[in-house]
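Q: Protein sequence lines, in the order shown, are assigned to chains F and P. The first sequence begins at 1 in this note's numbering and counts up one residue at a time. The second sequence begins at 266 in this note's numbering and counts up one residue at a time. Even glycine gets a Cβ: it sits at the ideal position worked out from N, Cα and C.
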Amino acid sequence: MVARSVSPTTFAPETRAVAIELVDVSKVFGGPSGVKALDRVSFEVGEREFVSILGPSGCGKSTLLRLIAGLMPFEGERLSLGGEDVSGPMDDVGVVFQTANLLPWRTVEANLKLGAEIHGRKTPGDRLSALVETLGLTGFEARHPHELSGGMKQRVAIGQALVRNPNVLLLDEPFGALDALTRDKLNVELLRIWQAERKTVVLVTHSIPEAVLLSDRVLVMSGRPGRLLEDVSIDLPRPRTPRETRASGDFGRYVVRLGELMGVV
Amino acid sequence: MKSGTVANILQGVVFFALLGVVWEASVHVFEIRSYLLPPLSAVVGELVSSRALLWQHFWITLNEVVLGFLVAAVSGVVMAASVFFIPVARRTIYPLLIGLQSIPKVGLAPLIVVWFGYGLSSKVIMSFLFAFFPIVIATLGGLGSTPQHLEEHFRALRATPWVTFWKLRVPSALPSFVDGCKVAMPLAVIGAVVGEFVGSNEGLGNLILLATSSSRGSLTFAALGAVTAMSLLLFAVVAAFGRLVWWRAQ
């Protein structure tokens, strides 16, 4: 196990193994003379850490997530998950995208089973029912996606990522297309799931309050080509709830600071 | 407005009844000779009195159409999948297909009869030729329209190409395939009838030719009615199957 070397002075209160490591990762689209989307991005994510990537639209944060998910080849030094070099999608990773990737011809339950089914495995019934309950989908198991609201669809998509119990969750603005109220609700659920199951989470978002509310650390990115500007630790007490956490003065200070870094305040 | 209410059904019934009355009356009023346009009553009478004959020919044509359509559906899907997945096929067979499609198929009919004879096979081939292309094009479109985000999802789930094909591409393409079948079904009927026109000794197309050349207008119309009924019936069957594929992948 490799300890993360953040504070060289004393022992960190929690020494974590590195779950995700990026060293000088770049991405150019369309050949050598193409568009540079990411420019030498380096960071580490500790095991069970909740890290948000924050940046303006078009800064390559979604691309970054796709690189970590192994959905695109990258250029650069090193990109590894759990010490293993990423060369393609990995089994221990669940990905949730902005559009819920549901098959319209499958019911909620059949959509949740898809991931296991693809590899010729069965989803244990108790795991499925527990998940359905956690996500507040009870009673909707036999519905088809077109019968669900946007928030419901996104819950199913999160369920698809959770059902195989991966250690790493990669979330690409999963709540970006939802209204504020639904977004809050799903944030609460995400916090609860993360606190209960302690997964490593990387969340891409353009919402500053969302990033502060959920994360241990927020990585701020610049506009194109995407570079890492700042690595901000969010030292707010847990467990957090939208109501109480947002009411605290520290929350506001983090929001203002991140806003300044992004150039919006 | 509900389409199933009694008043709405009545509107349709009244309209078609009026159309029938106008037909019947104008034949009598303008004294049109029956080989040009028989009165509706004569056509209905013919449908009853010649029902055995009509049924016999109906059955023959139906057989040709169904066979031609099924061959077109199966080979159309195979062709579309080959062109979609095999780059060599896309560069060679596909242009050939487009070229062949541009030949007026009616013009091919005499040749098909010379090649395959007066019997069943030449009609099945004509029916096939009419139905094949719409099915290929529609299925090809369906295969190409698999949503990109779902493809990415399957990649993230580490699905093999084979699994992606069966669990994603096939269901995504099915609605387009059904659309293609709906277009192709009436065309298959036309194909068989054209084949019968050009060279045959049975089938509804043949009956239409015989009835017209012997000035039996009422039989001509009765046979036409039978072909139309067949076309509608077969379309309804395809549409019923199509309802099983209710989704549209977005």
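Terminal residues of the continuous alpha helix (DSSP H) containing Ile193 of chain F?
A: The sequence position of residue 193 of chain F within the first sequence is 193, counting from 1. It spans 180-197 - the alpha helix (DSSP H) in which Ile193 of chain F sits, taken as one unbroken run.
Q: Please report how far the alpha carbon of Phe398 of chain P lies from the alpha carbon of Glu49 of chain F, in whole angstroms.
A: Residue 398 of chain P sits at position 133 when you count from the first residue of the second sequence. Residue 49 of chain F sits at position 49 when you count from the first residue of the first sequence. When rounded, the distance between both Cα atoms is 56 Å.
Q: Identify every run of the alpha helix (DSSP H) within the stretch 384-435 of chain P, keeping only runs that are complete inside it and at least 4 residues long; order them along the chain.
A: 385-409, 413-421, 426-429
Q: Does the Cβ of Pro13 of chain F have 16 or more other Cβ atoms within 10 Å, making it buried, or fewer, making it exposed?
A: Position 13 of the first sequence, counted from the first residue, corresponds to residue 13 of chain F. At Pro13 of chain F, the pLDDT of 41 sits below 50, so the modelled position is not reliable; the number obtained from the coordinates is stated separately. Pro13 of chain F should be labelled exposed.
Q: Distance check for Ser129 of chain F and Arg246 of chain F, CA to CA, integer angstroms please.
A: What you label residue 246 of chain F is simply residue 246 of the first sequence in a count that begins at 1. What you label residue 129 of chain F is simply residue 129 of the first sequence in a count that begins at 1. Straight-line Cα distance between these residues: approximately 33 Å.
Q: Do you know how far the Cα of Val23 of chain F is from the Cα of Gly76 of chain F?
A: Position 76 of the first sequence, counted from the start, is the residue given in the question as residue 76 of chain F. Position 23 of the first sequence, counted from the start, is the residue given in the question as residue 23 of chain F. Their backbone Cα atoms lie some 7 Å apart in a straight line.
Q: Measure the alpha-carbon distance for Gly382 of chain P versus Ala346 of chain P and round it to whole angstroms.
A: Against the second sequence, residue 382 of chain P aligns to sequence position 117. Against the second sequence, residue 346 of chain P aligns to sequence position 81. The alpha-carbon atoms of Gly382 of chain P and Ala346 of chain P are separated by roughly 32 Å.
Q: Quick one: Cα of His293 of chain P to Cα of Ala307 of chain P, how far?
A: Looking up residue 293 of chain P in the second sequence gives position 28. Looking up residue 307 of chain P in the second sequence gives position 42. Going from the Cα of His293 of chain P to the Cα of Ala307 of chain P covers about 12 Å.
Q: Which residue wins for smallest C-alpha separation from Arg423 of chain P, given the options F:His119, F:Leu178, F:Glu189?
A: By one-based count along the second sequence, residue 423 of chain P stands at place 158. For the residues F:His119, F:Leu178, F:Glu189, the minimum Cα distance to Arg423 of chain P belongs to F:His119.
Q: Who are the neighbours of Val202 of chain F on chain P, taking C-beta pairs under 9 Å?
A: The residue given as residue 202 of chain F occupies position 202 in the first sequence. Within chain P, no residue comes near Val202 of chain F; the closest Cβ sits about 14 Å away, beyond 9 Å.
Q: Taking Cβ positions only, does Glu518 of chain P come closer than 8 Å to chain F?
A: This structure cannot settle anything about residue 518 of chain P, because the visible part of chain P is limited to 266 through 515.
Q: Select from the stretch 76-91 of chain F all residues with a C-beta closer than 9 Å to any C-beta belonging to chain P, and list them in chain order.
A: Gly88, Pro89, Met90, Asp91
Q: Which chain P residues are close to Ala69 of chain F, counting only those with a beta carbon under 7 Å from its beta carbon?
A: Along the first sequence, read from residue 1 onward, the residue named residue 69 of chain F stands at position 69. Simply Ala421.
Q: Taking CB distances under 8 Å as the criterion, tell me whether Ile118 of chain F reaches chain P.
A: Position 118 of the first sequence, counted from the first residue, corresponds to residue 118 of chain F. Output row for Ile118 of chain F: interface = yes.
Q: Measure from the C-beta of Lys447 of chain P to each C-beta in chain F and report whether the shortest distance is under 8 Å.
A: Within the second sequence, residue 447 of chain P is the residue found at index 182, counting from 1. Taking 8 Å as the CB threshold, Lys447 of chain P stays off the interface with chain F.
Q: Measure how close the beta-carbons of Gly94 of chain F and Leu190 of chain F come, nearest whole angstrom, since I'm counting them as under 8 Å.
A: Taking the first residue of the first sequence as position 1, residue 94 of chain F is located at position 94. Taking the first residue of the first sequence as position 1, residue 190 of chain F is located at position 190. About 12 Å separates the beta carbons of Gly94 of chain F and Leu190 of chain F, which is beyond the 8 Å limit, so they are not a contact pair.
Q: What span of residues does the alpha helix (DSSP H) with Lys61 of chain F cover, start to end?
A: Walking along the first sequence from the start, residue 61 of chain F turns up at place 61. 61-68 is the span of the alpha helix (DSSP H), which, as asked, contains Lys61 of chain F.
Q: Tell me, to the nearest whole angstrom, how far the beta carbon of Phe224 of chain F is from that of Gly60 of chain F; I am working on the premise that it is less than 8 Å.
A: As a first step, residue 224 of chain F is located in the first sequence; it is residue number 224 there, counting from the start. As a first step, residue 60 of chain F is located in the first sequence; it is residue number 60 there, counting from the start. This sequence places Arg at residue 224 of chain F; Phe is not what is there. At roughly 7 Å, the Cβ-Cβ gap stays under 8 Å, so Arg224 of chain F and Gly60 of chain F are in contact.
Q: Mind checking who Asp231 of chain F pairs with in its DSSP beta bridge?
A: Within the first sequence, residue 231 of chain F is the residue found at index 231, counting from 1. Paired residues: F:Leu219.
Q: Put Lys122 of chain F into one of helix, strand or coil per three-state DSSP.
A: The sequence position of residue 122 of chain F within the first sequence is 122, counting from 1. If DSSP states are grouped into helix, strand and coil, Lys122 of chain F belongs with coil.
Q: Of the residues F:Gly46, F:Leu64, F:Glu47, which one's Cα is nearest the Cα of Leu54 of chain F?
A: For the purposes of this step, residue 54 of chain F is taken as the residue at position 54 of the first sequence. Nearest neighbour of Leu54 of chain F by Cα position, chosen from F:Gly46, F:Leu64, F:Glu47, turns out to be F:Leu64.
Q: With Ala491 of chain P as the anchor, note down where its alpha helix (DSSP H) starts and where it stops.
A: Indexing the second sequence from 1 puts residue 491 of chain P at position 226. 482-507 is the extent of the alpha helix (DSSP H) around Ala491 of chain P.
Q: On the criterion of 16 or more Cβ atoms from any shown chain inside 10 Å, does Gly277 of chain P qualify as buried, or is it exposed?
A: For this step, residue 277 of chain P is matched to residue 12 along the second sequence. Label assigned to Gly277 of chain P: exposed.
Q: Roughly how many angstroms separate the alpha carbons of Leu103 of chain F and Ser437 of chain P, rounded to a whole number?
A: Reading the first sequence from its first residue, position 103 is the one you call residue 103 of chain F. Reading the second sequence from its first residue, position 172 is the one you call residue 437 of chain P. Approximately 9 Å between the Cα atoms of the pair.
Q: For chain P, is any of its Cβ atoms less than 8 Å away from the one on Thr205 of chain F?
A: Within the first sequence, residue 205 of chain F is the residue found at index 205, counting from 1. It does not: the Cβ of Thr205 of chain F has no partner Cβ on chain P nearer than 8 Å.
Q: Less than 7 Å between the CB of Gly277 of chain P and some heavy atom of the ligand NAP, yes or no?
A: The model depicted lacks the ligand NAP and carries no ligand whatsoever.
Q: Using only the alpha-carbon positions, how far apart do Val96 of chain F and His414 of chain P sit?
A: Looking up residue 96 of chain F in the first sequence gives position 96. Looking up residue 414 of chain P in the second sequence gives position 149. Each residue's Cα considered, the two are about 11 Å apart.
Q: Could you check where the beta strand (DSSP E) with Leu54 of chain F kicks off and where it finishes?
A: Numbered from its first residue, the first sequence carries residue 54 of chain F at position 54. That run of the beta strand (DSSP E) goes 50-54.
Q: Quick check: the Cα distance between Pro304 of chain P and Val379 of chain P, rounded to an integer number of angstroms?
A: Position 39 of the second sequence, counted from the start, is the residue given in the question as residue 304 of chain P. Position 114 of the second sequence, counted from the start, is the residue given in the question as residue 379 of chain P. Straight-line Cα distance between these residues: approximately 38 Å.
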